[in-house]
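Report on one structure; see the data block that follows.
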Amino acid sequence: MKRFWVVVGCVGTFMAVAISTALTAPRETGVAIDKVVQLAFAVAALVAYARLRDRWMTAAMTSLTIGLSAWIWGQQVMGVQLPSSTIAPLGFTLVPVLCLAAVVVKAQQRRAGDLLPNYRSRAVVVLDGLIVIGSLFVLTWVSALESLSRAWATEGAGFATVVAHPAAYLVLLVTIVVMSWTHQAVRQWPMLFVALAGIAQSSSGWVFAFYISQGITAIPAAADVGFMLCPAFFLLSALAPTSDVEPTPGRMRTADLLHLLVPYLPLAITGLFVGWNTATGGRLNPVEIYAGILVVCFVIVRQLLTMMDNIRLMDQLRVSREELRHEATHDPLTGVANRSLFQDRLERALAVRDRTRPLVLLFIDVDGFKAINDNNGHAEGDMVLRNVAARLKNNVRPEDTVARLGGDEFGVLVDGGDADEIGARLLSALAHPHEVRGRVHHVHASIGVAQRFSYDSAVTADDVLGDADAAMYAAKRLGKGKVVVHGSPLPEMT
Numbered sequence: 007m008k009r010f011w012v013v014v015g016c017v018g019t020f021m022a023v024a025i026s027t028a029l030t031a032p033r034e035t036g037v038a039i040d041k042v043v044q045l046a047f048a049v050a051a052l053v054a055y056a057r058l059r060d061r062w063m064t065a066a067m068t069s070l071t072i073g074l075s076a077w078i079w080g081q082q083v084m085g086v087q088l089p090s091s092t093i094a095p096l097g098f099t100l101v102p103v104l105c106l107a108a109v110v111v112k113a114q115q116r117r118a119g120d121l122l123p124n125y126r127s128r129a130v131v132v133l134d135g136l137i138v139i140g141s142l143f144v145l146t147w148v149s150a151l152e153s154l155s156r157a158w159a160t161e162g163a164g165f166a167t168v169v170a171h172p173a174a175y176l177v178l179l180v181t182i183v184v185m186s187w188t189h190q191a192v193r194q195w196p197m198l199f200v201a202l203a204g205i206a207q208s209s210s211g212w213v214f215a216f217y218i219s220q221g222i223t224a225i226p227a228a229a230d231v232g233f234m235l236c237p238a239f240f241l242l243s244a245l246a247p248t249s250d251v252e253p254t255p256g257r258m259r260t261a262d263l264l265h266l267l268v269p270y271l272p273l274a275i276t277g278l279f280v281g282w283n284t285a286t287g288g289r290l291n292p293v294e295i296y297a298g299i300l301v302v303c304f305v306i307v308r309q310l311l312t313m314m315d316n317i318r319l320m321d322q323l324r325v326s327r328e329e330l331r332h333e334a335t336h337d338p339l340t341g342v343a344n345r346s347l348f349q350d351r352l353e354r355a356l357a358v359r360d361r362t363r364p365l366v367l368l369f370i371d372v373d374g375f376k377a378i379n380d381n382n383g384h385a386e387g388d389m390v391l392r393n394v395a396a397r398l399k400n401n402v403r404p405e406d407t408v409a410r411l412g413g414d415e416f417g418v419l420v421d422g423g424d425a426d427e428i429g430a431r432l433l434s435a436l437a438h439p440h441e442v443r444g445r446v447h448h449v450h451a452s453i454g455v456a457q458r459f460s461y462d463s464a465v466t467a468d469d470v471l472g473d474a475d476a477a478m479y480a481a482k483r484l485g486k487g488k489v490v491v492h493g494s495p496l497p498e499m500t
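For the sequence shown, my numbering gives the first residue as 7, with consecutive numbering after it.
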């Protein structure tokens, strides 16, 4: 960083000497110094950006170099004081456009977790810039540019030089300011110097436009100071270091406010100014009408994109909430309900006062599962548990609840049905061999059943679970593959 500031000092000293020399020298000599210095720094910036492999900024510096070369050829060689071809104005006008593309690309480099597509974010940035420039164009046209266009800039080359390219730099500045609050890649020294280049170029451009609007074609040398500084700032931008500083929550909130206000503030000011001008007797000419319609179209498209983004974000928020709710209430291994959801549904079922069908709760313990885990590893044991959960779900109705209560214990809640028949069906389903990774595992289950036939406010979910748990242990004592209904006589052990 210290080395960079040494470079800044050297460039600043050189520019101070060059500017003072250009301002004090005879007119022709001063102009020559001005353009040679601009071209030298533009070429240096071009080389620096090419080494960084920054394609958009390299293209911007190429455009600036071509524009300056064409301007020097026209002024110094051909003796034309103002641009007579489209090469120089086109080159100057493309510079901020290409820089804007570079800023947008940089802003998209580090946006992990962004919920919106990159192309849509870029489109919004471009539309914001178009809204700003369109609004300011209408405002300046109503106040000054109409006379300017009649005075000199009626041809395309003159218009691009006097109006379009400083206005484009203004859009670039607005974009950098807005995006610097939310994008770490934009909030860096390189982008600061790009912004300074835009300020310098745009300032001289508007001063140049003012003189032309007054009918003055012999522009004072001082008006070119910004033009001289612009390529130097571009060079410093290419040489500037970067750092990693993430946006704070406060900065993000401010960014949201800026993102909301910046595009529409100049539009509102322009609307008030044009309305006042019309109310006081002014008339809108075709340029103002068509430019205003175009800006309104930009706003409509911008709002449509915003609505689409809001719909997309709401859908993603809804999906995220559903996923979180599912994760909070379901077992991550088997995908069935967890103990919390099972208990909640049991409590709701017990609260039904006008029960006409029995409520059946089955507490299932997988026999022989520990041996599978110990002999074949937890991964294979997990696959067996998934198979068990799948078979339980496949042998009850969709409205019934299957849950993993912990370890190798499962619960099934059935509203209506014969307890003995349900238990026998589940036992049969689990008794079939489980083939996992080419190995066949035989597991059995001990099932305890608790039933409730009517509403009883004194009975809690824990009471019913306790009854089913006790019945399950009674089934275990009888041997593998047994079903015991709580409160029923136990079969004799064989």
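We put the beta carbon where it would ideally sit given N, CA and C, even for glycine. It should be emphasised that the depicted structure is a prediction, and the values quoted were computed from it without experimental measurement.
For residue i, which residues from the same chain have a beta carbon less than 8 Å from its beta carbon, with the 5 sequence-adjacent residues on both sides left out?
i: F348; result: T407, A409, L411, G417, L419
i: G487; result: D373, L433, A437, H450, A451, S452
i: A228; result: L29
i: L391; result: L339, T340, V372, F375, R410, D414
i: V13; result: L242, L245
i: T312; result: V130
i: I182; result: V109, V192, M197, V200, A201, G204
Let's test the definition: count the other Cβ atoms within 10 Å of the Cβ of residue i and tell me whether it reaches 16, buried, or not, exposed.
i: E34; result: exposed
i: G387; result: buried
i: G485; result: exposed
i: K459; result: According to the sequence displayed, residue 459 carries Phe and not Lys. By the 10 Å Cβ count, F459 comes out exposed.
i: L70; result: buried
i: G493; result: exposed
i: I25; result: buried
i: C303; result: exposed
i: P102; result: buried
i: C16; result: exposed
i: L133; result: buried
i: D40; result: buried
i: G281; result: exposed
i: D475; result: buried
i: G298; result: buried
i: Q194; result: buried
i: T276; result: buried
i: I317; result: exposed
i: E353; result: exposed
What residues in its chain sit with their C-beta under 7 Å from that of residue i, if we drop five residues either side in the sequence?
i: R363; result: D421, G422
i: T335; result: A343, N344, S346, L347
i: R397; result: A435, L436
i: A355; result: L365, L419, D421
Once the 5 residues before and after residue i are set aside, which same chain residues still bring their CB inside 6 Å of it?
i: A107; result: W62
i: I93; result: A76
i: Y217; result: I225
i: G73; result: A94, G97, F98
i: S209; result: G232
i: A395; result: T340, V342
Going by Cα to Cα distance, which pick from the options is closest to residue i?
i: G444; options: W195, D426, N382, L339; result: N382
i: D337; options: V183, E415, L133; result: E415
i: D424; options: A285, V489, L352, L300; result: V489
i: G97; options: D134, L45, R57, Q194; result: L45
i: V293; options: V301, T286, G287; result: V301
i: L136; options: V111, L176, K112; result: L176
i: D462; options: R361, H171, R57, V200; result: R361
i: D230; options: V37, G454, Y479, I428; result: V37
i: A54; options: V43, K41, T68, V42; result: T68
i: K482; options: F279, M21, V455, I378; result: V455
i: H447; options: N401, Y479, A385, I378; result: I378
i: M234; options: V465, L58, T27; result: T27
i: V42; options: G18, P32, V23, I78; result: I78
i: D60; options: K112, L352, M478; result: K112
i: L179; options: R318, C105, Y270; result: C105
i: E427; options: P439, V442, N401; result: N401
i: R501; options: T466, T64, F20; result: The chain is shown only over 7 to 500; residue 501 falls outside these bounds and no answer can be derived.
i: R359; options: A464, E329, R431; result: A464
i: N393; options: A56, V442, L290; result: V442
For a minimum of 4 consecutive residues, which ranges assigned as the alpha helix (DSSP H) are wholly contained in the region 25-85? Counting whole runs of 4 or more residues, the region 25-85 contains the alpha helix (DSSP H) stretches 33-58, 61-78.
With three or more C-beta pairs closer than 8 Å as the rule, is the region 7-17 touching the region 201-209? no
Segment contact, 8 Å Cβ cut-off, at least three pairs: the region 39-51 with the region 235-251: yes
Are three or more beta carbon pairs between the region 354-368 and the region 455-471 nearer than 8 Å? yes
Can you check the region 375-423 for any alpha helix (DSSP H) of at least 4 residues that lies completely inside it and give the ranges in chain order? 375-382, 384-400
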